[in-house]
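Q:
2 protein chains.
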Amino acid sequence: MARNVSDSDSVRRQNRGLVLGALRIQGAMSRTALAASTGLSHASITAITHDLIDQQVIAELEPAEKSDSRGRGRPATLVGFNRHIGAAALFEVDVNRARLSLVDYGGVLVDRIESPVTPTTFANAPPAVFLAERLRQLQARNPVEAAGLRRVAISVQGILDRDGDGLKWSPIAHLANRPFAHELASAFAVPVALHKRGRLLAEGARWLDPALHDASVATVFVGSTVAMGMTFRGQIMGRGDEGATEFGHMNHLPNGALCRCGMRGCIEAYASDYGVLRTAYSVPETATPAPAVPSHEYDGLIARAEAGDRAATHAFNIAGRAVGFGLSRMMAVFDPSHVLIVGPGARAFGLMQAEINAALASALVCRVNGPPQVVAHRDEKEPVFKGLLMKTLNEIDQSDIAALA
Amino acid sequence: MARNVSDSDSVRRQNRGLVLGALRIQGAMSRTALAASTGLSHASITAITHDLIDQQVIAELEPAEKSDSRGRGRPATLVGFNRHIGAAALFEVDVNRARLSLVDYGGVLVDRIESPVTPTTFANAPPAVFLAERLRQLQARNPVEAAGLRRVAISVQGILDRDGDGLKWSPIAHLANRPFAHELASAFAVPVALHKRGRLLAEGARWLDPALHDASVATVFVGSTVAMGMTFRGQIMGRGDEGATEFGHMNHLPNGALCRCGMRGCIEAYASDYGVLRTAYSVPETATPAPAVPSHEYDGLIARAEAGDRAATHAFNIAGRAVGFGLSRMMAVFDPSHVLIVGPGARAFGLMQAEINAALASALVCRVNGPPQVVAHRDEKEPVFKGLLMKTLNEIDQSDIAALA
DNA sequence: CATGTTTTTTCGAGCAGTGAAATTAATGCT
DNA sequence: AGCATTAATTTCACTGCTCGAAAAAACATG
Numbered sequence: 001m002a003r004n005v006s007d008s009d010s011v012r013r014q015n016r017g018l019v020l021g022a023l024r025i026q027g028a029m030s031r032t033a034l035a036a037s038t039g040l041s042h043a044s045i046t047a048i049t050h051d052l053i054d055q056q057v058i059a060e061l062e063p064a065e066k067s068d069s070r071g072r073g074r075p076a077t078l079v080g081f082n083r084h085i086g087a088a089a090l091f092e093v094d095v096n097r098a099r100l101s102l103v104d105y106g107g108v109l110v111d112r113i114e115s116p117v118t119p120t121t122f123a124n125a126p127p128a129v130f131l132a133e134r135l136r137q138l139q140a141r142n143p144v145e146a147a148g149l150r151r152v153a154i155s156v157q158g159i160l161d162r163d164g165d166g167l168k169w170s171p172i173a174h175l176a177n178r179p180f181a182h183e184l185a186s187a188f189a190v191p192v193a194l195h196k197r198g199r200l201l202a203e204g205a206r207w208l209d210p211a212l213h214d215a216s217v218a219t220v221f222v223g224s225t226v227a228m229g230m231t232f233r234g235q236i237m238g239r240g241d242e243g244a245t246e247f248g249h250m251n252h253l254p255n256g257a258l259c260r261c262g263m264r265g266c267i268e269a270y271a272s273d274y275g276v277l278r279t280a281y282s283v284p285e286t287a288t289p290a291p292a293v294p295s296h297e298y299d300g301l302i303a304r305a306e307a308g309d310r311a312a313t314h315a316f317n318i319a320g321r322a323v324g325f326g327l328s329r330m331m332a333v334f335d336p337s338h339v340l341i342v343g344p345g346a347r348a349f350g351l352m353q354a355e356i357n358a359a360l361a362s363a364l365v366c367r368v369n370g371p372p373q374v375v376a377h378r379d380e381k382e383p384v385f386k387g388l389l390m391k392t393l394n395e396i397d398q399s400d401i402a403a404l405a
Numbered sequence: 001m002a003r004n005v006s007d008s009d010s011v012r013r014q015n016r017g018l019v020l021g022a023l024r025i026q027g028a029m030s031r032t033a034l035a036a037s038t039g040l041s042h043a044s045i046t047a048i049t050h051d052l053i054d055q056q057v058i059a060e061l062e063p064a065e066k067s068d069s070r071g072r073g074r075p076a077t078l079v080g081f082n083r084h085i086g087a088a089a090l091f092e093v094d095v096n097r098a099r100l101s102l103v104d105y106g107g108v109l110v111d112r113i114e115s116p117v118t119p120t121t122f123a124n125a126p127p128a129v130f131l132a133e134r135l136r137q138l139q140a141r142n143p144v145e146a147a148g149l150r151r152v153a154i155s156v157q158g159i160l161d162r163d164g165d166g167l168k169w170s171p172i173a174h175l176a177n178r179p180f181a182h183e184l185a186s187a188f189a190v191p192v193a194l195h196k197r198g199r200l201l202a203e204g205a206r207w208l209d210p211a212l213h214d215a216s217v218a219t220v221f222v223g224s225t226v227a228m229g230m231t232f233r234g235q236i237m238g239r240g241d242e243g244a245t246e247f248g249h250m251n252h253l254p255n256g257a258l259c260r261c262g263m264r265g266c267i268e269a270y271a272s273d274y275g276v277l278r279t280a281y282s283v284p285e286t287a288t289p290a291p292a293v294p295s296h297e298y299d300g301l302i303a304r305a306e307a308g309d310r311a312a313t314h315a316f317n318i319a320g321r322a323v324g325f326g327l328s329r330m331m332a333v334f335d336p337s338h339v340l341i342v343g344p345g346a347r348a349f350g351l352m353q354a355e356i357n358a359a360l361a362s363a364l365v366c367r368v369n370g371p372p373q374v375v376a377h378r379d380e381k382e383p384v385f386k387g388l389l390m391k392t393l394n395e396i397d398q399s400d401i402a403a404l405a
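Here it is, written out as structure tokens:
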């Protein structure tokens with residue numbers, strides 16, 4: 001049976017986790033503020049912070065001069081994370097780019113490497129070798145920080161297996177079914193976590209906009225792929241990293257346009273960059289999708305549509321319709337209060353908005369509950385990085401630190 | 001901020017809940033078995049059961065004679081729920097029928113009333129009056145049990161509002177937007193909970209088949225409506241009872257057949273009894289759906305299809321296609337390992353199976369993870385009742401009992 | 001009746017949280 | 001400068017919970 005027994009150990013873990021979580025979200029603060037924020041008593045906060053300081057997890061910050069003299073009583077001493085007790089390596093692997101960031105325990109970026117990815121990259125070098133090489137490079141450049149490496153986290157696109165440590169399918173060529181997570185874990189003797197980019201997008205969106213932090217949000221990425229992540233009242237859907245959220249490969253029209261994944265009628269086949277271009281240029285729906293679309297071509301198409309070009313406008317309408325019906329269908333199962341469109345496609349949001357709204361209007365749930373707020377958010381790189389960062393640091397907090405004796 | 005603080009109180013609640021939960025799932029058992037099942041120490045089990053017995057929540061069972069003499073040491077004394085400390089009233093309100101069951105705290109059915117429901121039932125009598133009348137009738141017939149009434153729970157179809165205590169839309173005529181839950185709660189001075197029938201189906205399926213208890217299951221009801229409930233590794237999706245799981249009103253074909261809900265192209269418009277009949281008799285898709293379909297008519301159509309009738313077979317194929325694409329689309333968001341088809345439509349499962357599987361095959365997730373196991377389960381009344389029962393008793397356990405001083 | 005076996009209870013220890021009171025460290029007023 | 005005021009932290013005595021080990025209880029067997 002399950003071991004959900006609660007004892008003094010789990011109490012300590014929970015409450016230490018609360019303290020660490022509050023510091024992650026709100027940054028360094030006074031013990032009094034911590035008590036208010038977590039709901040713990042002052043006495044407990046004293047005990048917990050004392051332990052954490054003993055363990056060097058957090059430290060008292062130097063008061064910023066007596067400048068802030070707008071206080072009557074004893075001035076508060078802030079406590080905040082000790083940046084130097086650990087570090088994490090964060091990989092963002094994309095169809096055409098890979099980025100490795102080294103961050104410290106305080107969440108500060110230490111160093112970063114970017115490398116191009118081509119369809120042959122992982123055919124030539126095994127993914128584990130490719131990643132290990134870059135990580136070693138970063139370690140060599142930052143020996144001090146790298147010494148405290150506690151986690152490697154990798155953002156990928158595709159379908160993870162149920163344990164969340166293998167990639168069963170991916171739009172990134174030759175990346176699926178290569179056990180690079182395990183290999184990296186044993187090569188660097190550090191836990192390695194795989195995350196779906198869609199999920200991180202949702203996580204990142206929460207962190208970037210405080211208003212969304214506790215809302216139910218669907219974050220849709222539109223670009224060279226179409227992907228989605230969801231949060232439910234501040235909780236990421238799909239605990240662990242198991243299940244698939246392959247929104248882009250939800251069927252839009254039975255037997256419809258050919259998708260990069262090999263299926264037909266996926267939303268992606270209409271709404272991704274290659275799908276829109278194919279429609280705009282009247283290439284047959286069954287034509288094999290282009291392996292990659294230069295961003296200037298996609299931007300050019302947006303410009304033409306905005307200038308009134310019929311074919312381009314039509315292509316974005318079709319894309320909006322696919323995304324809209326996908327959302328409308330998703331809402332029959334899960335009903336977010338906000339929908340965030342991110343990625344290159346967010347720049348074309350104005351061109352798709354009408355069709356998206358029309359499709360949403362065809363959902364009973366929208367008629368009854370009112371439609372969700374659909375907004376576009378230009379930048380998509382930051383949400384993914386921020387999501388990866390916060391998820392990984394939080395992982396360290398809750399499982400390494402909160403459990404310390 | 002959130003009050004997720006853990007203290008000795010929450011520890012007690014959690015561990016008492018564990019004990020009560022084990023007794024719910026596995027029935028009366030010895031303290032040693034409880035220790036093994038919950039993971040708590042013998043000492044804690046002694047303390048907890050002692051308290052619960054003091055509070056009359058559970059009791060030691062009389063040993064069943066010395067007949068079971070296959071023991072060496074001290075014979076175990078079983079503890080089990082004290083049936084008499086409470087009771088719950090469970091309403092199952094359906095399009096054409098309402099049923100009220102009075103159950104005791106041990107989960108034993110005490111008495112039951114069934115009443116027909118017609119499209120005018122709730123137009124003539126306010127829902128609260130209709131329900132209160134029947135509950136009072138049951139109370140009069142069972143004064144002893146009814147004295148301990150702790151909860152009223154109501155199974156309804158439709159969309160609940162976000163708090164889960166109002167019905168915003170319902171296929172049951174004149175039931176939506178009538179605040180009957182609140183009215184009953186104040187009339188009987190007891191908490192009243194509203195549950196979506198689809199959710200209960202999922203909950204009930206877990207209880208009825210132990211193999212499904214911790215699996216990820218989508219339970220689809222096919223009959224006069226189409227509905228779905230989901231469990232994820234044993235957890236019911238959509239905590240609380242907020243979000244909408246209106247699977248039946250997921251769009252299948254843009255601008256498709258007219259649905260009872262007023263929208264067009266819903267799965268229900270193709271796969272429910274009225275949808276299938278409409279297709280079979282070549283009634284135009286835009287014709288207003290029949291308000292109710294007599295079950296013999298639906299069964300007759302199944303018989304004809306099984307006998308080879310072309311029109312009937314075609315209608316079930318269309319229905320299977322709608323359900324199949326609905327599932328395939330859902331799987332882009334959630335990915336269950338099992339799909340259970342229940343309700344009258346389960347009898348036509350053989351006629352729909354091929355189309356369902358074909359549609360599932362068009363989902364990328366199925367190709368990668370393998371398709372879920374789709375099986376039909378004839379009886380749908382028991383899952384709903386069982387789900388309502390267990391959910392309500394569990395509610396009492398966890399919030400009334402576990403929190404006792 | 002003594003002994004072995006299995007179930008339950010008892011007992012003392014340990015741990016984490018809490019409220020109230022005490023302490024600390026500034027500011028403001030006279 | 002000296003003292004009251006204010007606000008942040010810490011200290012302390014106490015509570016409630018779980019746990020392991022040992023004791024007690026309740027039978028079966030030879």
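Chains as they are written, first to last, in the numbering used here: chain F, 1 to 405; chain E, 1 to 405.
Even for Gly, the Cβ is constructed at its ideal location relative to N, Cα and C.
Quantities reported herein were computed from a predicted structural model and do not represent experimental measurements.
Taking the DSSP output, what are the residues bridged to E/Val222?
A: As a position in the second sequence, residue 222 of chain E is number 222, starting the count at 1. Answer is E/Val226.
Q: What are the boundary residues of the alpha helix (DSSP H) that F/Ser10 is part of?
A: Locating residue 10 of chain F in the first sequence gives position 10, counting from the first residue. Segment 8-26, the alpha helix (DSSP H) holding F/Ser10.
Q: Need the endpoints of the beta strand (DSSP E) that E/Leu167 sits in, please.
A: As a working mapping, residue 167 of chain E is identified with position 167 in the second sequence. Element bounds for E/Leu167: 167-169.
Q: Determine, using beta carbons only, whether F/Met29 comes closer than 8 Å to chain E.
A: For this step, residue 29 of chain F is matched to residue 29 along the first sequence. Cβ-Cβ to chain E under 8 Å: no for F/Met29.
Q: Give a yes or no on whether 8 Å exceeds the smallest Cβ distance from E/Arg333 to chain F.
A: As a working mapping, residue 333 of chain E is identified with position 333 in the second sequence. The sequence as given places Val at residue 333 of chain E; Arg does not occur at that position. Yes - at least one Cβ of chain F is within 8 Å of the one on E/Val333.
Q: Using 7 Å as the cut-off, classify the Cβ of E/Asp400 as near or not near the heavy atoms of the ligand FAD, replying yes or no.
A: Questions concerning the ligand FAD fall outside what the structure shown contains, since it holds no ligand whatsoever.
Q: For F/Pro289, which option in F/Gly166, F/Gly262, F/Leu201 has the closest C-alpha, if you only look at C-alpha atoms?
A: Stepping through the first sequence from its first residue, residue 289 of chain F is reached at position 289. The residue with the shortest Cα to Cα distance from F/Pro289 is F/Gly262.
Q: Which residues, taken in chain order from the stretch 322-351 of chain F, show a beta carbon closer than 7 Å to some beta carbon of chain E?
A: The stretch 322-351 of chain F vs chain E, Cβ under 7 Å: Phe325, Ser328, Arg329, Met330, Ala332, Val333, Phe334, Asp335.
Q: Assign F/Asp163 to buried or exposed, taking buried as 16 or more other Cβ atoms, counted over all protein chains shown, within 10 Å of its Cβ.
A: One-based indexing of the first sequence puts residue 163 of chain F at position 163. It counts as exposed.
Q: Examine chain F for any beta-carbon lying closer than 8 Å to the beta-carbon of E/Ile401, and answer yes or no.
A: Taking the second sequence and counting its residues from 1, one reaches residue 401 of chain E at position 401. No, because no Cβ of chain F sits closer than 8 Å to the Cβ of E/Ile401.
Q: At 8 Å on the CB atoms, spell out the chain E contacts of F/Asp7, in chain order.
A: Here residue 7 of chain F corresponds to residue number 7 of the first sequence, with the count starting at 1. Ordered by position in chain E, the residues that pass the 8 Å Cβ test against F/Asp7 are Val11.
Q: Would you mind telling me which residues of chain F sit closer than 9 Å to E/Glu246, beta carbon to beta carbon, in chain order?
A: Against the second sequence, residue 246 of chain E aligns to sequence position 246. The contacting residues are Met331, Ala332, Val333, Asp335, Ala363, Leu364, Val365, Val368.
Q: Whose CA, out of E/Gly106, E/Leu135, E/Met352, lies closest to the CA of E/Ala315?
A: Taking the second sequence and counting its residues from 1, one reaches residue 315 of chain E at position 315. Residue E/Met352 is the option with its Cα nearest to E/Ala315.
Q: Grab me the residues of E/Ala311's own chain with a C-beta within less than 6 Å of its C-beta, minus the 5 sequence neighbours each way, in chain order.
A: Start at 1 with the first residue of the second sequence, and residue 311 of chain E comes out as number 311. Taken in chain order, the residues that qualify are Ala280.
Q: So, does the CB of E/Lys196 fall closer than 8 Å to a CB anywhere in chain F?
A: What you label residue 196 of chain E is simply residue 196 of the second sequence in a count that begins at 1. Not an interface residue.
Q: By the 9 Å beta-carbon criterion, what residues does the stretch 159-191 of chain F contribute toward chain E?
A: The stretch 159-191 of chain F vs chain E, Cβ under 9 Å: Ile159, Asp161, Arg162, Lys168, Trp169, Ala176.
Q: Counting only Cβ pairs nearer than 9 Å, list the residues of chain E close to F/Gln14.
A: Position 14 of the first sequence, counted from the first residue, corresponds to residue 14 of chain F. Ordered by position in chain E, the residues that pass the 9 Å Cβ test against F/Gln14 are Asn4, Val5, Ser6, Ser10.
Q: What is the DSSP secondary structure of E/Thr118, counted as helix, strand or coil?
A: For the purposes of this step, residue 118 of chain E is identified with residue 118 of the second sequence, where counting begins at 1. It is coil, neither helix nor strand.
Q: Please list, in chain order, the chain E residues whose beta carbon lies closer than 8 Å to that of F/Met390.
A: If you number the first sequence from 1, residue 390 of chain F lands on position 390. Chain E residues near F/Met390: none, gap ~17 Å exceeds 8 Å.
Q: Given that F/Asn251 touches chain E, what residues does it touch there, using C-beta distances under 7 Å?
A: In the first sequence, the residue the question calls residue 251 of chain F occupies position 251. Going along chain E in sequence order, the residues near F/Asn251 (Cβ under 7 Å) are Phe325, Ser328, Arg329, Ser362, Ala363.
Q: In chain order, what are the residue ranges of uninterrupted alpha helix (DSSP H) at least 4 long that sit wholly in the stretch 313-367 of chain E?
A: Entirely contained in the stretch 313-367 of chain E, the alpha helix (DSSP H) runs reaching 4 residues are, in chain order, 349-361.
Q: Count the other CB atoms, across all protein chains shown, that sit within 10 Å of the CB of F/Glu380; report buried if there are 16 or more and exposed otherwise.
A: Within the first sequence, residue 380 of chain F is the residue found at index 380, counting from 1. Looking at its Cβ environment, which holds 16 or more other Cβ atoms inside 10 Å, F/Glu380 is buried.
Q: Would you mind reading off the limits of the alpha helix (DSSP H) that contains E/Asp51?
A: To locate residue 51 of chain E, count along the second sequence from 1; it is residue 51. Run containing E/Asp51: 42-54, per the alpha helix (DSSP H) assignment.
Q: Does the Cβ-Cβ distance between F/Val152 and F/Ala89 come in under 8 Å?
A: Your numbering for residue 152 of chain F matches position 152 in the first sequence. Your numbering for residue 89 of chain F matches position 89 in the first sequence. Contact flag set, yes.
Q: If we define contact as Cβ-Cβ less than 8 Å, is E/Leu23 a contact residue for chain F?
A: Numbered from its first residue, the second sequence carries residue 23 of chain E at position 23. Chain F, which has no Cβ nearer than 8 Å to the Cβ of E/Leu23, makes this no.
Q: Only counting the same chain, and skipping five residues up and downstream in sequence, which positions put a Cβ closer than 6 Å to that of F/Val207?
A: For the purposes of this step, residue 207 of chain F is taken as the residue at position 207 of the first sequence. One detail in the question is off: residue 207 of chain F reads as Trp in this sequence, not Val. Excluding positions up to five away in sequence, the list reads Lys386, Met390.
Q: On a CA-only basis, which of F/Leu277, F/Val217, F/Thr245, F/Ala189 is nearest F/Val375? Give me that one, please.
A: By one-based count along the first sequence, residue 375 of chain F stands at place 375. The candidate whose alpha carbon is nearest that of F/Val375 is F/Val217.
Q: The beta strand (DSSP E) spanning F/Gln373 covers which residue range?
A: Taking the first residue of the first sequence as position 1, residue 373 of chain F is located at position 373. Element bounds for F/Gln373: 373-377.
Q: Near E/Glu297, what residues of its chain come up, given a Cβ to Cβ distance below 7 Å and the 5 sequence neighbours on each side ignored?
A: Residue mapping note: residue 297 of chain E aligns to position 297 of the second sequence, counting from 1. Here the set comprises Leu277.
Q: Looking only at C-alpha atoms, which of E/Arg141, E/Arg97, E/Leu109 sits nearest to E/Phe122?
A: In the second sequence, counting from the first residue as 1, residue 122 of chain E sits at position 122. Measuring from the Cα of E/Phe122, the nearest candidate turns out to be E/Arg97.
Q: Of the residues F/Thr46, F/Gln26, F/Arg24, which one's Cα is nearest the Cα of F/Thr32?
A: The residue you call residue 32 of chain F lines up with position 32 of the first sequence. Taking only the C-alpha atoms, the option nearest F/Thr32 is F/Thr46.
Q: By Cβ distance below 6 Å, which residues in the same chain neighbour F/Val220 in space, the five residues on each side in sequence not counted?
A: For the purposes of this step, residue 220 of chain F is taken as residue 220 along the first sequence, with counting starting at 1. Around F/Val220: Met228, Ile341.
Q: Express the C-alpha separation of E/Tyr270 and F/Arg16 in angstroms, rounding to a whole number.
A: Numbered from 1 along the first sequence, position 16 holds the residue referred to as residue 16 of chain F. Numbered from 1 along the second sequence, position 270 holds the residue referred to as residue 270 of chain E. If you take the alpha carbons of F/Arg16 and E/Tyr270, they lie about 53 Å apart.
Q: Give the residues of chain E in contact with F/Leu404, contact being defined as C-beta atoms less than 7 Å apart.
A: Residue numbering aside, residue 404 of chain F sits at position 404 when the first sequence is read from its first letter. Near F/Leu404 there are no residues of chain E at all, since even the closest Cβ is about 17 Å away, more than 7 Å.
Q: For E/Gly243, decide whether its Cβ has a neighbour in chain F, counting only Cβ atoms nearer than 8 Å.
A: As a first step, residue 243 of chain E is located in the second sequence; it is residue number 243 there, counting from the start. With a pLDDT of 46 at E/Gly243, under the threshold of 50, the modelled position of this residue cannot be trusted, and the question is left open.
Q: Is the beta carbon of E/Leu78 sitting closer than 8 Å to the one on E/Leu102?
A: Along the second sequence, one-based indexing puts residue 78 of chain E at 78. Along the second sequence, one-based indexing puts residue 102 of chain E at 102. It is not a contact, given that the beta carbons lie outside the stated cut-off.
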